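Per the working numbering: the sequence shown = residues 558 to 749.
C-beta: ideal position from N, C-alpha, C; glycine also.
This one's a predicted model, so the numbers in the text were calculated from it and none came from an experiment.
The structure under discussion appears below in the form of structure tokens.
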Amino acid sequence: MTKIETSRLILRPCMEEDRELFYELSSDPAVLEFFPFRRSRKDADAIFTMIRNVTPEPGFELLVMVLKHSGEAIGFCGLSKLQLPPLLPQDAVEIGWRISARHWNNGHATESGVALLHHAFTRLEIDEILSIAVRDNRRARAAMAKIGMRRDPACDFDHPHIPETHPHLKRHVVYRLGAAEWRVQQDGRRTR
Ligand SMILES: CC(C)(COP(=O)(O)OP(=O)(O)OC[C@H]1O[C@@H](n2cnc3c(N)ncnc32)[C@H](O)[C@@H]1OP(=O)(O)O)[C@@H](O)C(=O)NCCC(=O)NCCS
Numbered sequence: 558m559t560k561i562e563t564s565r566l567i568l569r570p571c572m573e574e575d576r577e578l579f580y581e582l583s584s585d586p587a588v589l590e591f592f593p594f595r596r597s598r599k600d601a602d603a604i605f606t607m608i609r610n611v612t613p614e615p616g617f618e619l620l621v622m623v624l625k626h627s628g629e630a631i632g633f634c635g636l637s638k639l640q641l642p643p644l645l646p647q648d649a650v651e652i653g654w655r656i657s658a659r660h661w662n663n664g665h666a667t668e669s670g671v672a673l674l675h676h677a678f679t680r681l682e683i684d685e686i687l688s689i690a691v692r693d694n695r696r697a698r699a700a701m702a703k704i705g706m707r708r709d710p711a712c713d714f715d716h717p718h719i720p721e722t723h724p725h726l727k728r729h730v731v732y733r734l735g736a737a738e739w740r741v742q743q744d745g746r747r748t749r
């Protein structure tokens with residue numbers, strides 16, 4: 558079971574008590590500005606139940622971000638495997654977040670992202686981490702860049718799962734970071 562601690566956060570697997578937060582972040586138009594859906598209570602509940610009933614591969618749990626100082630759960634993050642061949646390699650590992658809007662711009666995506674990269678490259682020994690975002694999702698792109706990921710413009714793509722009713726959400730950008738480059742970044746930080 559994955560449990561990660563950072564200076565301000567605990568990242569822990571999802572529990573039954575997180576159902577309400579899951580609904581909030583699956584239905585809030587601000588959080589979903591760059592997603593083509595708004596889930597009803599019934600749909601969000603069904604997806605949450607499915608997530609809770611599946612035993613995830615170790616390291617690939619949906620993690621809840623909990624503020625240490627208050628115990629408040631503020632969002633979800635984690636590693637998952639992308640299924641977008643031939644656009645991206647099958648099972649490419651993605652890092653992603655969904656955080657309650659009232660907690661944005663406090664560095665929580667960055668802080669959890671740094672910890673997830675460390676976990677992925679050291680514990681899970683993954684070779685490369687990707688992150689994808691709608692081209693216009695500046696907040697997400699800023700967080701990806703801040704954790705040392707680099708955009709690969711050659712990988713820009715039109716997401717096949719975005720319906721034609723949402724053409725402005727089609728274009729996606731890809732950020733990536735390999736284990737070797739991550740180690741160089743870590744060494745750079747240590748000698749600074
Ligand atoms: C994207 C998201 C995860 C970022 O979370 P966060 O905790 O606010 O991120 P951080 O505070 O670590 O970093 C955000 C950065 O974006 C910057 N930013 C905010 N709005 C911006 C904008 N419109 N344009 C450019 N940069 C912006 C912030 O200034 C901050 O950088 P700074 O710390 O250097 O000032 C959060 O907004 C979210 O959950 N969005 C909805 C879901 C989503 O889009 N997920 C991403 C898909 S993986």
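- Under DSSP, the beta-bridge partners assigned to residue 729 are 691, 714.
- Using a Cβ distance threshold of 8 Å, residue 729 and residue 683 do not count as a contacting pair.
- In the same chain as residue 618, and ignoring 5 residues on each side of it, the C-beta atoms closer than 8 Å to its own belong to 558, 559, 570, 571, 635, in chain order.
- For residue 579, no beta strand (DSSP E) encloses it; the enclosing alpha helix (DSSP H) starts and ends at 576-584.
- Using a 10 angstroms sphere on the CB of residue 596, the tally of other CB atoms reaches 16 or more, which defines it as buried.
- The segment 637-644 makes no contact with the segment 656-672, as fewer than three CB pairs between them are under 8 Å.
- Residue pairing by DSSP places residue 569 opposite 621 in a beta bridge.
- Residue 645 carries a coil assignment under DSSP once its states are collapsed to helix, strand and coil.
- DSSP places residue 650 within a strand segment (E or B) once states are collapsed to three.
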